[in-house]
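Okay, so here's the structure we're looking at.
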């Protein structure tokens, strides 16, 4: 499988979720429920919501975007209780405002409602006397659950917090909390961003490989199954030899270094790599956008640049094309969102000089992150770099034949060493790589980059072992995100007591969880 990237990108997304241990409501809190028809307004009129420029049926996206909401003055939280939020007339007649707030004061705030034709929102100011408060919070917590369940289903940023609040309300109602860490969601209608998939090939890759369809845990069993006993892809590999021309095309110089069963993005020059990296900062990492599609910006480029101590824009000014020839990026898997091993390989006629320059620039970046110098050997290859205990920084720099590699993983360095030592085949030896370089010649004037996925790479990514591991890693990340949400108030206030923490949620693979001041 190949993707010839020519200044096009696709949207990416990985489904990310969480579960929760709910906080308890404070004993001094009071609960309120006031029908909108009986709400005392201090500014505006409920009938103002009947305005509108034109009378036409709004699209679902417009109605979804103009949800009624409540903002309280001071502490507390409030929601709209209404079975049908998409009919403003019914909302005003049958809806109610529910709230939780400290006792002893009148409740004031702003209510935002859509007008009848969804041409705008109307702001209303209200007051609820403290005497209307009570101790029973069931109606409030049911409305809160419905509110966050709706947000969970919209596939928008904030899933961890939505799930946390949903389960907090669930616990307040005394309902048993599921240990399922996946989000409540459904497929949304295709938007304008999905249209770009038609021009990039990303949609075809995702649909064929099903990489964004995460494995769910169904039922529970104590029976252990050897993962290697599970059958993977059984479709025969294409025989590329009859499709090859007699004349062999020019190969990417770095294709002889990269393992045959890893993805690879080849850039014809360092300038092209920097240009794509800058574009990736605006639209997303090229490979991850091909494999995944998510709406928020996770700052993936910045995260890996920081981990590798490899700010490309600074390197472009420092090094330029005189020291670096072509560039390649490779790694084991496409799970950039939750974390993956990455190797950036630089072709150079002066690898020793380039390694020294990269180490100097990495030292400056590592100093800003308070990372310590480190060195060692991986499969016979000496490396130097910098590391922090939490792998916030994990930079390993080593020289290969006519190249320098910067990676965040010693395992990745060992894989490159295996290719160097002829213990593992290189990507350049594959007939399918030759076929696609024959079709898309190296050095074409309009080439920005070539993304290549070998048959071996696809089979590994889609194997039971890989898919199960990805599911476990994602569920573990979900538990960690839930704990982040649970301690968010303490983190914001700077009142964290660092040390081990416990979660009743299942953590695949076990291990100890710790909380620190960050």
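Numbering (this note's numbering), first residue to last: 276 to 793.
Glycine is no exception: its CB is placed at the ideal position from the N, C-alpha and C atoms.
Residue i in three-state terms, based on DSSP
i, result
"residue 433", "coil"
"residue 684", "coil"
"residue 568", "Low local confidence applies: a pLDDT of 46 at residue 568 is under 50, so the model's placement there is unreliable, with the coordinate-based value given in what follows. Coil."
"residue 289", "Because residue 289 sits at a pLDDT of 27, beneath the cut-off of 50, its placement in the model cannot be relied upon, and the point is left open."
"residue 516", "helix"
"residue 460", "Caution is warranted here: a pLDDT of 43 is assigned to residue 460, below 50, making its placement in the model unreliable, and the coordinate value is therefore given only provisionally. Residue 460: coil per DSSP, three-state reduction."
"residue 418", "helix"
"residue 368", "helix"
"residue 791", "coil"
"residue 575", "helix"
"residue 317", "strand"
"residue 679", "strand"
"residue 526", "coil"
"residue 689", "helix"
"residue 701", "strand"
"residue 498", "coil"
"residue 521", "coil"
"residue 695", "helix"
"residue 719", "coil"
"residue 297", "Summary for residue 297: the model assigns pLDDT 35, below 50, so the residue's position carries little reliability, and this model does not support an answer."
"residue 783", "coil"
"residue 665", "coil"
"residue 597", "helix"
"residue 547", "helix"
"residue 553", "helix"
"residue 439", "helix"
"residue 506", "coil"
"residue 743", "helix"
"residue 445", "helix"
"residue 423", "helix"
"residue 357", "coil"
"residue 585", "coil"
Residues bridged to residue i (per DSSP)
i, result
"residue 758", "DSSP lists no partner for residue 758."
"residue 538", "606"
"residue 658", "651, 673"
"residue 776", "788"
"residue 348", "Its beta-bridge partners do not exist; DSSP assigns none."
"residue 375", "306, 352"
"residue 621", "602, 679"
Residue i and residue j closer than 8 Å at C-beta
i, j, result
"residue 242", "residue 366", "This structure gives no information on residue 242, because the portion of the chain shown stretches from 276 to 793."
"residue 717", "residue 524", "yes"
"residue 537", "residue 615", "no"
"residue 601", "residue 544", "yes"
"residue 667", "residue 660", "no"
"residue 399", "residue 382", "no"
"residue 703", "residue 539", "no"
"residue 519", "residue 710", "yes"
"residue 439", "residue 757", "yes"
"residue 692", "residue 745", "no"
"residue 305", "residue 408", "yes"
"residue 347", "residue 379", "no"
"residue 724", "residue 611", "no"
"residue 681", "residue 619", "yes"
"residue 401", "residue 314", "yes"
"residue 393", "residue 442", "no"
"residue 673", "residue 657", "yes"
"residue 376", "residue 351", "yes"
"residue 649", "residue 628", "no"
"residue 533", "residue 603", "yes"
"residue 626", "residue 678", "yes"
"residue 579", "residue 551", "no"
"residue 410", "residue 444", "no"
"residue 729", "residue 705", "yes"
Segment limits, beta strand (DSSP E) that includes residue i
i, result
"residue 385", "382-389"
"residue 403", "396-403"
"residue 724", "724-727"
Residue i: first and last residue of the uninterrupted alpha helix (DSSP H) it sits in
i, result
"residue 642", "626-643"
"residue 616", "It is not in any alpha helix (DSSP H) - residue 616 carries neither H nor E in the DSSP assignment."
"residue 712", "706-714"
"residue 340", "335-340"
"residue 765", "763-768"
"residue 407", "From DSSP, residue 407 is part of no alpha helix (DSSP H); its letter is neither H nor E."
"residue 730", "730-736"
heavy atom of the ligand MG below 7 Å from residue i C-beta
i, result
"residue 722", "In the structure shown, the ligand MG is absent, as is every other ligand, since no ligand is present at all."
If contact is defined by three or more beta carbon pairs under 8 Å, each pair taking one atom from either stretch, is the stretch 426-437 in contact with the stretch 738-749?
The stretch 738-749 is not in contact with the stretch 426-437.
Meets three-Cβ-pair contact criterion under 8 Å: the stretch 642-651 and the stretch 696-704
Contact fails: fewer than three Cβ-Cβ distances are below 8 Å.
Touch check for the stretch 758-774 and the stretch 734-745: three-plus C-beta pairs under 8 Å?
Taking one beta carbon from each stretch, the stretch 758-774 and the stretch 734-745 have fewer than 3 pairs nearer than 8 Å; the two do not touch.
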